[in-house]
Amino acid sequence: MSAQATVEGLATELSSYLDTHRINQVRRAYYYADQAHEGQMRRSGDRYITHPLAVARILADLKLDHQSLMAAMLHDVIEDTGIPKDALSDQFGDDVAELVDGVSKLTQIEFRSRAEAQAENFQKMTLAMARDIRVILVKLADRLHNMRTLGPMPYEKRQRIANETLDIYAPIANRLGMHSICTELEDLGFAALYPMRSRYISKAVEKLRGSHREIIDDIRDKLQEKLEERGMPGRILGREKHMNSIYNKMKFKQKSFHEIMDVYAFRIITDTEDDCYRILGAVHSLYKPLPGRFKDYIAMPKANGYQSLHTTLFGMHVNIEIQIRTEEMEHIANNGIAAHWMYKNESSSETHVNQLRVDRWVKGLMEMRERADDSLEFIEHVKVDLFPDEIYVFTPKGKIMELPSGATPVDFAYAIHTDIGNATVACRINRNLGSLSQPLQSGQTVEVITAPGARPNPAWLSFVVTGKARSSIRHVLKNQKRAESLDLGKALLKKSLKGFGTSLSKIGDRQIDAVVKHNQVSSLDDLVGDIGLGNRMAYLVARQLVSGGDEEMETPAAQPGNSPVTIRGTEGLLVRFASCCKPIPGDPVVGVMDSGEGMVIHSDTCSRLPEDDEGRARLTHLKWAKDITDEFSVELRVELERQRGVIAEVANAVAMADGNIERINVEEQDARLGVVSLVVHVNGRRHLARVMRRIRNIRAVTHISRIRR
-19 MSAQATVEGL ATELSSYLDT HRINQVRRAY YYADQAHEGQ MRRSGDRYIT
31 HPLAVARILA DLKLDHQSLM AAMLHDVIED TGIPKDALSD QFGDDVAELV
81 DGVSKLTQIE FRSRAEAQAE NFQKMTLAMA RDIRVILVKL ADRLHNMRTL
131 GPMPYEKRQR IANETLDIYA PIANRLGMHS ICTELEDLGF AALYPMRSRY
181 ISKAVEKLRG SHREIIDDIR DKLQEKLEER GMPGRILGRE KHMNSIYNKM
231 KFKQKSFHEI MDVYAFRIIT DTEDDCYRIL GAVHSLYKPL PGRFKDYIAM
281 PKANGYQSLH TTLFGMHVNI EIQIRTEEME HIANNGIAAH WMYKNESSSE
331 THVNQLRVDR WVKGLMEMRE RADDSLEFIE HVKVDLFPDE IYVFTPKGKI
381 MELPSGATPV DFAYAIHTDI GNATVACRIN RNLGSLSQPL QSGQTVEVIT
431 APGARPNPAW LSFVVTGKAR SSIRHVLKNQ KRAESLDLGK ALLKKSLKGF
481 GTSLSKIGDR QIDAVVKHNQ VSSLDDLVGD IGLGNRMAYL VARQLVSGGD
531 EEMETPAAQP GNSPVTIRGT EGLLVRFASC CKPIPGDPVV GVMDSGEGMV
581 IHSDTCSRLP EDDEGRARLT HLKWAKDITD EFSVELRVEL ERQRGVIAEV
631 ANAVAMADGN IERINVEEQD ARLGVVSLVV HVNGRRHLAR VMRRIRNIRA
681 VTHISRIRR
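Start counting the sequence shown at -19; every next residue gets the next number (this note's numbering).
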């Protein structure tokens, strides 16, 4: 068949939903592309123009607008023929030229196997989607046709394209609700990556389908009879299981092939939402529903706009899965965001809501992109978002929030607004106080309690599941760490400069610039921040500042000046207390810089401190601030005679001295004596002395000592 006949065939198809003027514009784009690609061939030996035409046909099946179809015809023109974007603007208008440019940029940045390149390109794709979602629709159609014609490609290129399809394009199609394109991309990707497994599963499905034909027909007839008996409109379709889906269930859910295939799946398409619920009642009267397997995605649509009733029945000694939905829900389930164009001339609330969902998702991607430090961090956040298994929870005002499975109240808080997430301190679940780390269940009502000035806890990163929460927490912690490293670095540098008998204000700008340049950083703040993080020694930087930056970075034999740095114990992320010696206010303490992590505070008698002069010279002498009210952990060893209730007596003595017990363990015991170790919270040495005195006064206690490891 000639290309002329093919484009006319497309024009006939388009006449079902586009007017003549718009069809002629699509036709004109085709002829322009045909001329531009003249002489170019595909690897299969076909003329190149067959590819853009096939991409346009895929979009025509989705009933996309004429500009998307024109962009499909022209999508390789800028990249492959050297025709500039301006020329396309003059010929077809700015909108089409922008779409073509967007698709060209995505094509130029083909995802390579390196994770960094793949992640960077995903960022660029996000930008293109944010400008015009149609760019990604044209790209998905382009990818689908390339996957259909992957055969002639070399093996390595086939593998790379298939991997990229399963990793990036199929999940995006799913997130945009485009089920039919998503499943075809998955099956083609699976067949390209695992041809033998794909053929084996395909043959097994064919064989099984033949032997199950009678059961399928019997169930379909019974369902049809029940609908006719109740006078309900509805067409019944059998549902095919997809190769990739079967393989993944076998691999990840450890299910056998027969376990998966022994479920018979049907879809009932009806006229109205009301009919969906009436049909549900009818099928439940025919076969018994399995408890806990009913899902109402009509009242609570999935994040990608999918709506349907799902139920699993037990009948004729087999499980029967049934989906019930309207014609419009069927279109939206298969075509997702593309259904927006199909219905946009009609008043359709579902497609409008679907469009808003996609807009909200893309906006969320843009927010994450701005917060991420690098592209790998960005794609790590997004991949979670591309594979959601939703739960639905309510705000106190009854608004439904969609979250991925395993989401916690912290994820919920960030889903409402970043500022609310950052200020969260507690939550109520179904009106009762709940833990911020507990996974939420569908149907719960969640209320977040905030406090002004509150900040995210680093521990949240161990349990949040949404990309938005993770990227927001990291963003705040990074900024907090930066501010704290500057404060700590300034204090350490000030102390070192004082040892040299000077201060930063007395050192000239030229001298400072020379030291900044010598250390290959962009500013004095970066240098000071590095000191606070433990990546540079304050003494060496101070000596360079004093000498003008000419000296090499050799290690000193001893630091001049012993003026101590004051600490409060609440400095934040960059000042930590050693778990070995557990220092408390009043103990003589020193600071050890831990590269990249700030300062670790040890008791100055700790056995883990360096013994040699060079190591001791690196320690920072510290003193405690006077007005500390925070609590600190201290470990005590109590030897006692075994008596009934003696542990309770010890706990009571600690409470009477206003201490809190964090942990209590019976270390060793015999018939008469026992040793108990307990970790107690105190706010200084005086408080500790009071606690120890109370414990020592217990008659059964023979000895008490503080443990320093």
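Ideal placement from N, C-alpha and C gives every residue a C-beta, glycine not left out.
Just so it is clear, the structure is predicted and the values come from calculations on it, not from any experiment.
Straight-line gap, residue i to residue j (C-alpha atoms, nearest Å)
i, j, result
"residue 30", "residue 203", "44 Å"
"residue 389", "residue 16", "56 Å"
"residue 412", "residue 380", "19 Å"
"residue 301", "residue 294", "9 Å"
"residue 308", "residue 290", "17 Å"
"residue 458", "residue 465", "10 Å"
"residue -13", "residue 209", "47 Å"
"residue 80", "residue 315", "22 Å"
"residue 176", "residue 268", "39 Å"
"residue 495", "residue 520", "11 Å"
"residue 141", "residue 577", "41 Å"
"residue 485", "residue 573", "25 Å"
"residue -4", "residue 382", "37 Å"
"residue 152", "residue 180", "28 Å"
"residue 14", "residue 125", "18 Å"
"residue 384", "residue 441", "16 Å"
"residue 692", "residue 417", "As displayed, the chain neither begins before -19 nor continues past 689, which places residue 692 out of reach and without an answer."
"residue 149", "residue 117", "10 Å"
"residue 224", "residue 213", "33 Å"
"residue 189", "residue 232", "24 Å"
"residue 42", "residue -8", "15 Å"
Helix, strand or coil at residue i according to DSSP, with G and I counted as helix
i, result
"residue 73", "coil"
"residue 479", "helix"
"residue 170", "helix"
"residue 48", "helix"
"residue 464", "helix"
"residue 430", "strand"
"residue 406", "strand"
"residue 274", "coil"
"residue 253", "helix"
"residue 654", "strand"
"residue 694", "Given a span of -19 to 689 for the chain in the structure shown, any question on residue 694 remains unanswerable."
"residue 371", "strand"
"residue 379", "coil"
"residue 613", "strand"
"residue 601", "strand"
"residue 558", "coil"
"residue 438", "helix"
"residue -7", "helix"
"residue 129", "coil"
"residue 233", "coil"
"residue 268", "strand"
"residue 516", "coil"
"residue 447", "helix"
Residue j beta carbon less than 8 Å from that of residue i
i, j, result
"residue 668", "residue 564", "yes"
"residue 687", "residue 629", "no"
"residue 497", "residue 483", "no"
"residue 244", "residue 170", "no"
"residue 32", "residue 66", "no"
"residue 509", "residue 462", "yes"
"residue 696", "residue 77", "The question about residue 696 has no answer here: the residues shown for the chain are numbered -19 through 689."
"residue 159", "residue 395", "no"
"residue 428", "residue 409", "no"
"residue 425", "residue 374", "yes"
"residue 164", "residue 146", "no"
"residue 387", "residue 445", "yes"
Limits of the unbroken alpha helix (DSSP H) element including residue i
i, result
"residue 192", "175 to 210"
"residue 311", "307 to 315"
"residue 17", "Element bounds for residue 17: n/a, residue is neither H nor E."
"residue 30", "30 to 41"
"residue 389", "389 to 396"
"residue 490", "489 to 498"
"residue 663", "Note, residue 663: premise wrong, no alpha helix (DSSP H); not H, not E."
Residue-chain proximity (residue i, chain C), Cβ-Cβ < 8 Å
i, result
"residue 465", "Chain labels in this structure do not include chain C; a single protein chain is all it has."
Limits of the unbroken beta strand (DSSP E) element including residue i
i, result
"residue 681", "681 to 686"
"residue 640", "640 to 649"
"residue 292", "289 to 295"
Where are the beta strand (DSSP E) runs, 3 residues long or more, that stay fully inside the segment 561 to 596, in chain order?
569 to 574 and 578 to 583
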